[in-house]
Amino acid sequence: MSLSEVFMITPNPVLSGLTWFFVISAVMYFARLPAKKYILAFSEVIHNALRLAARSVNSADLRLQARNREVLLEAGREATERMIEREFERVENTVMNDLSQYPALQRKLSERITLIDEDYKESTEVPPDPPGWCKVVKSVAAVDSNGDAMVSHVLKDIHKSMVKAQDKAIKEHRRACMERHNVLKRMMPHWRSVKQVLGEVDHNIASILERATKISRYMDDYEEIIKGSDRATRILSSSAMSQLFVSAFVLAIAVGGAMVNCT
Numbered sequence: 009m010s011l012s013e014v015f016m017i018t019p020n021p022v023l024s025g026l027t028w029f030f031v032i033s034a035v036m037y038f039a040r041l042p043a044k045k046y047i048l049a050f051s052e053v054i055h056n057a058l059r060l061a062a063r064s065v066n067s068a069d070l071r072l073q074a075r076n077r078e079v080l081l082e083a084g085r086e087a088t089e090r091m092i093e094r095e096f097e098r099v100e101n102t103v104m105n106d107l108s109q110y111p112a113l114q115r116k117l118s119e120r121i122t123l124i125d126e127d128y129k130e131s132t133e134v135p136p137d138p139p140g141w142c143k144v145v146k147s148v149a150a151v152d153s154n155g156d157a158m159v160s161h162v163l164k165d166i167h168k169s170m171v172k173a174q175d176k177a178i179k180e181h182r183r184a185c186m187e188r189h190n191v192l193k194r195m196m197p198h199w200r201s202v203k204q205v206l207g208e209v210d211h212n213i214a215s216i217l218e219r220a221t222k223i224s225r226y227m228d229d230y231e232e233i234i235k236g237s238d239r240a241t242r243i244l245s246s247s248a249m250s251q252l253f254v255s256a257f258v259l260a261i262a263v264g265g266a267m268v269n270c271t
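If you read the sequence shown in my numbering, its first letter stands for residue 9, the second for the next number, and so on.
Right under this line is the structure:
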């Protein structure tokens with residue numbers, strides 16, 4: 009028996025189709041209320057299940073965000089602590105290596121400056137006054153010779169002696185000044201050395217001040233991270249995303265290089 013013979017109620021196919029149509033319509037008409045009830049109940053079950061799933065997903069999302077925030081703040085705190093410790097170590101090394109001899113350098117510099125100042129003052133002294141006997145000689149030279157050849161000859165000798173003494177004093181003074189200027193000239197390398205050392209000290213101090221500024225900035229970030237502020241979270245999130253993109257870029261380059269080598 010074929011399937012068409014099963015559904016053939018009457019020998020006429022058209023009449024059998026109309027019969028089945030009315031039967032099915034009657035069954036569906038009487039079953040509409042129970043079917044609606046069952047469909048609504050099933051829909052309510054599905055709705056409740058999906059609502060519970062949504063609440064679970066929302067709760068999991070909140071927990072995941074809170075956990076991600078904690079992990080991000082903790083990682084940022086550890087990274088900031090490492091940077092602060094590294095900067096403090098650099099400052100300590102700079103102070104121990106470069107500035108430990110600063111007091112001795114300052115004392116040496118003060119001594120050198122004092123010596124140079126003394127030599128400079130000595131080199132700028134005025135010529136010494138003529139000795140006291142010059143006044144006596146001057147008084148004797150003022151005596152009138154009255155045409156006496158002996159007196160005139162003595163006065164000439166006295167004048168020559170005065171000129172020689174004056175020339176000798178001027179030469180001695182010039183020699184002393186030259187020696188002092190030579191001393192000052194020999195001090196020039198020391199000046200340059202002191203200037204170089206002071207320049208290095210200034211550079212080291214500037215480096216320490218720069219690192220102190222970095223430490224201050226890191227400390228501000230560290231305080232923000234400890235407080236768990238939104239600003240710190242945004243900064244750490246952007247930093248993490250940047251590191252992710254950089255790592256992905258480096259990984260892509262490594263994979264591309266490996267593929268090129270394999271081919």
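Glycine included, C-beta positions come from ideal geometry on N, C-alpha and C.
Every value quoted in this text rests on a predicted model; they were computed, and no experiment measured them.
Could you pull out every residue in the same chain whose Cβ sits closer than 8 Å to the Cβ of residue i, ignoring the five residues on either side in sequence?
i	result
E89	Y230
R239	E232
Report buried or exposed for residue i, applying the criterion of at least 16 other Cβ atoms within 10 angstroms of its Cβ.
i	result
G84	buried
L23	exposed
E232	buried
According to DSSP, is residue i helix, strand or coil?
i	result
N20	coil
A39	coil
M9	Residue confidence is low: M9 scores 48 on pLDDT, short of 50, so the model does not pin down where it sits. Its coordinate-derived value is still stated next. Coil.
S237	coil
Since I believe residue j is in contact with residue i (beta carbons under 8 Å), could you give me their beta-carbon distance rounded to a whole number of angstroms?
i	j	result
T241	L70	Actually they do not touch by this definition, with Cβ atoms about 15 Å apart.
R219	E126	Actually they are not in contact, since the Cβ atoms of R219 and E126 sit about 40 Å apart, beyond 8 Å.
Y275	V268	Nothing about residue 275 can be reported from this structure: the residues present for the chain run from 9 to 271 only.
Could you say which of the options lies nearest to residue i if we only look at CA atoms?
i	options	result
T102	S237, N212, M227	N212
Y226	L58, I92, S250, N76	I92
L217	V99, R75, S255, H189	V99
R115	L206, M196, P21	L206
W199	C270, R120, A43, S215	R120
G236	V209, N105, R77	R77
Only counting the same chain, and skipping five residues up and downstream in sequence, which positions put a Cβ closer than 7 Å to that of residue i?
i	result
M9	Note on M9: pLDDT 48, under 50, position unreliable in the model; no value is reported.
Check whether the Cβ of residue i lies closer than 9 Å to any Cβ atom in chain D.
i	result
Y37	The structure shown contains no chain D, having only a single protein chain.
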